[in-house]
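Please read the structure below before turning to the comments.
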Amino acid sequence: MAAAGSTGKPVKKAAAGKPVKKAAAGKAAAGKAAPAKAAPKKTPAKKAPAGTTSAKKTAAKKTSAKQAGPAPKKASGKPESHLAKVRRARRINRELAEVYYYAHPELDFENPFQLLVATVLSAQTTDLRVNQTTPAVFAAYPTPEDMAAADPEKLEELLRPTGFFRAKAKSVLGLSAAIRDRFDGEVPGNIKDLVSLPGVGRKTAFVVLGNAFGVPGLTVDTHFGRLVRRWKLTEQTDADKVEAEIAEIIPKSEWTMFSHRTIFHGRRICHSRKPACGACPIAELCPSYGEGELDPEKAKKLLKYEMGGLPGQRLKPPPDYPGRPAPPLGANGSNSNGAAGAAR
Numbered sequence: 001m002a003a004a005g006s007t008g009k010p011v012k013k014a015a016a017g018k019p020v021k022k023a024a025a026g027k028a029a030a031g032k033a034a035p036a037k038a039a040p041k042k043t044p045a046k047k048a049p050a051g052t053t054s055a056k057k058t059a060a061k062k063t064s065a066k067q068a069g070p071a072p073k074k075a076s077g078k079p080e081s082h083l084a085k086v087r088r089a090r091r092i093n094r095e096l097a098e099v100y101y102y103a104h105p106e107l108d109f110e111n112p113f114q115l116l117v118a119t120v121l122s123a124q125t126t127d128l129r130v131n132q133t134t135p136a137v138f139a140a141y142p143t144p145e146d147m148a149a150a151d152p153e154k155l156e157e158l159l160r161p162t163g164f165f166r167a168k169a170k171s172v173l174g175l176s177a178a179i180r181d182r183f184d185g186e187v188p189g190n191i192k193d194l195v196s197l198p199g200v201g202r203k204t205a206f207v208v209l210g211n212a213f214g215v216p217g218l219t220v221d222t223h224f225g226r227l228v229r230r231w232k233l234t235e236q237t238d239a240d241k242v243e244a245e246i247a248e249i250i251p252k253s254e255w256t257m258f259s260h261r262t263i264f265h266g267r268r269i270c271h272s273r274k275p276a277c278g279a280c281p282i283a284e285l286c287p288s289y290g291e292g293e294l295d296p297e298k299a300k301k302l303l304k305y306e307m308g309g310l311p312g313q314r315l316k317p318p319p320d321y322p323g324r325p326a327p328p329l330g331a332n333g334s335n336s337n338g339a340a341g342a343a344r
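Per UniProt numbering, the sequence shown runs over residues 1 to 344.
Following this line, the structure appears as structure tokens:
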């Protein structure tokens, strides 16, 4: 995946974009009177297969020139129109869908209750650490009734690896009791009831609704908010306002998967401190292109998880996941997976 990411969409589009079409149009206009001029214009189109070294260099130069465009436009007082922003946002979603065709929730779960608990535990830690912790938790307390009756001290000890374990134990005990007492032991499948549970906010609720119940929702976590601002799709910093603005430009049917793709991209390529711009498949669509490492080879070294040849965050990933499963807690290398970049 790393190799594909380093030569992704910007290479193809620069090599086979408008310049080639204009050459073809020029040939048609010249007709029979200018055969000599038509031939040289046809040659570059044939010499630009995406896999060749010369094509990559040429495409890289053209792509770099394209990325320099957005900043001067804004400085001249001509901001992007709403329609243009919508089109660009939806194209970003389509491009990311090709790269992260395997995007999924990166928490291991087998039912809505497990996903709800795991999502609450993921605050201020990594999904990897949660996935390494929850097998013992769910073995001891498989249902809301079991969890609600748990000894607080024993539960705290099990949750200790996730950090803030006392507060998390209190939330998990509270939501389990509420599910037992108010919802007959079943996790509710609507936003109103979910956010009424202790420790459950809109982000957590939409993770559960989108992935356990198939109800579309935008998961505005740290990565999501950071990337949609970097893409200039919103300037909001409040999670609810970010959610509202993105909901207007991305089709509702795509909300859940757009969330996954955006979070995947933020964890693997578009890092907070040093994004791997030279390995980004949507570089030509990003107004912030150039903030990170532009050299393709250096950018490759910044890739994380499956794109960097490292294990993923799930101990039990989906069947189409192209990388390796994460190691269990305490296994060699369990903390050398670049997990710090995945914290919520």
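Ideal placement from N, C-alpha and C gives every residue a C-beta, glycine not left out.
Going by Cα to Cα distance, which pick from the options is closest to residue i?
i: Thr204; options: Ser259, Pro152, Pro325, Lys274; result: Ser259
i: Ser272; options: Thr256, Val228, Gly308; result: Val228
i: Lys170; options: Ala150, Gly189, Pro317, Pro188; result: Ala150
i: Trp255; options: Val215, Arg166, Pro281; result: Val215
i: Gly225; options: Ile191, Phe109, His82, Phe264; result: Phe264
i: Gln114; options: Val99, Thr133, Glu235, Asp295; result: Thr133
i: Ser196; options: Ala212, Gly174, Met257, Ala140; result: Gly174
i: Val172; options: Leu303, Glu156, Phe183; result: Glu156
i: His82; options: Gly309, Glu297, Thr234, Leu128; result: Thr234
i: Asn111; options: Thr237, Glu98, Val208, Glu297; result: Val208
i: residue 351; options: Gly308, Pro188, Arg129; result: The shown model of the chain, from 1 to 344, leaves out residue 351, and the question about it has no answer.
i: Glu95; options: Ala283, Asp320, Gly308; result: Ala283
i: Gly330; options: Gly266, Asn131, Ala84, Ala139; result: Asn131
Grab me the residues of residue i's own chain with a C-beta within less than 6 Å of its C-beta, minus the 5 sequence neighbours each way, in chain order.
i: Glu80; result: none
i: Leu158; result: Ala136, Val137
i: Arg230; result: Ser288
i: Lys232; result: Pro287
i: Lys47; result: With a pLDDT of 40 at Lys47, under the threshold of 50, the modelled position of this residue cannot be trusted, and the question is left open.
i: Phe109; result: Leu115, Ala118
i: residue 347; result: Outside the displayed span of the chain (1 to 344) sits residue 347, for which this structure offers no information.
i: Val86; result: Ile249
i: Val99; result: Pro281
i: Ser176; result: Pro144, Met147, Ala148
i: Leu194; result: Pro188, Val200, Ala205
i: Ile191; result: Ala205
So, are the CB atoms of residue i and residue j less than 8 Å apart?
i: Cys270; j: Tyr289; result: no
i: Arg180; j: Pro152; result: no
i: Arg261; j: Asn93; result: yes
i: Leu107; j: Ala123; result: no
i: Gln313; j: Ala326; result: yes
i: Gly210; j: Val120; result: no
i: Glu306; j: Pro328; result: no
i: Pro275; j: Glu291; result: yes
i: Thr125; j: Gly185; result: no
i: Ala279; j: Leu315; result: no
i: Phe165; j: Gly189; result: no
By Cβ distance below 7 Å, which residues in the same chain neighbour residue i in space, the five residues on each side in sequence not counted?
i: Val220; result: Lys203, Ala239, Val242, Glu243
i: Phe206; result: Gly217, Leu218, Thr219
i: Arg88; result: Leu285
i: Tyr141; result: Met147, Ala150
i: Glu245; result: Thr234, Gln236
i: Lys168; result: Val120, Leu121, Leu159, Thr162
i: Ala178; result: Leu197, Pro198
i: Glu293; result: Lys274, Ala276, Cys277, Gly278, Ala299, Leu302
i: Asp127; result: Glu106, Leu107, Gln313, Ala342
By Cβ distance below 8 Å, which residues in the same chain neighbour residue i in space, the five residues on each side in sequence not counted?
i: Pro318; result: Tyr102, His104
i: Ala247; result: Leu218, Trp255
i: Ile250; result: Ala89, Arg90, Asn93, Leu218, Phe258
i: Ser253; result: Pro216
i: Phe183; result: Asp193
With a threshold of 7 Å, establish whether the CB of residue i neighbours any heavy atom of the ligand GTP.
i: Pro322; result: Absent from the structure shown: the ligand GTP. Ligands present: none.
Item to check | Ranges of the alpha helix (DSSP H) found wholly within the UniProt domain "HhH-GPD" (121-268), counting only runs of at least 4 | outcome: Counting whole runs of 4 or more residues, the UniProt domain "HhH-GPD" (121-268) contains the alpha helix (DSSP H) stretches 127-140, 144-148, 152-159, 165-182, 191-194, 202-212, 222-230, 239-249, 255-268.
Checklist entry - For the segment 291-331, which segments carrying the alpha helix (DSSP H) assignment without a break, of at least 4 residues, lie completely within its bounds, in sequence order? => result Fully enclosed alpha helix (DSSP H) runs of 4 or longer: 296-300.
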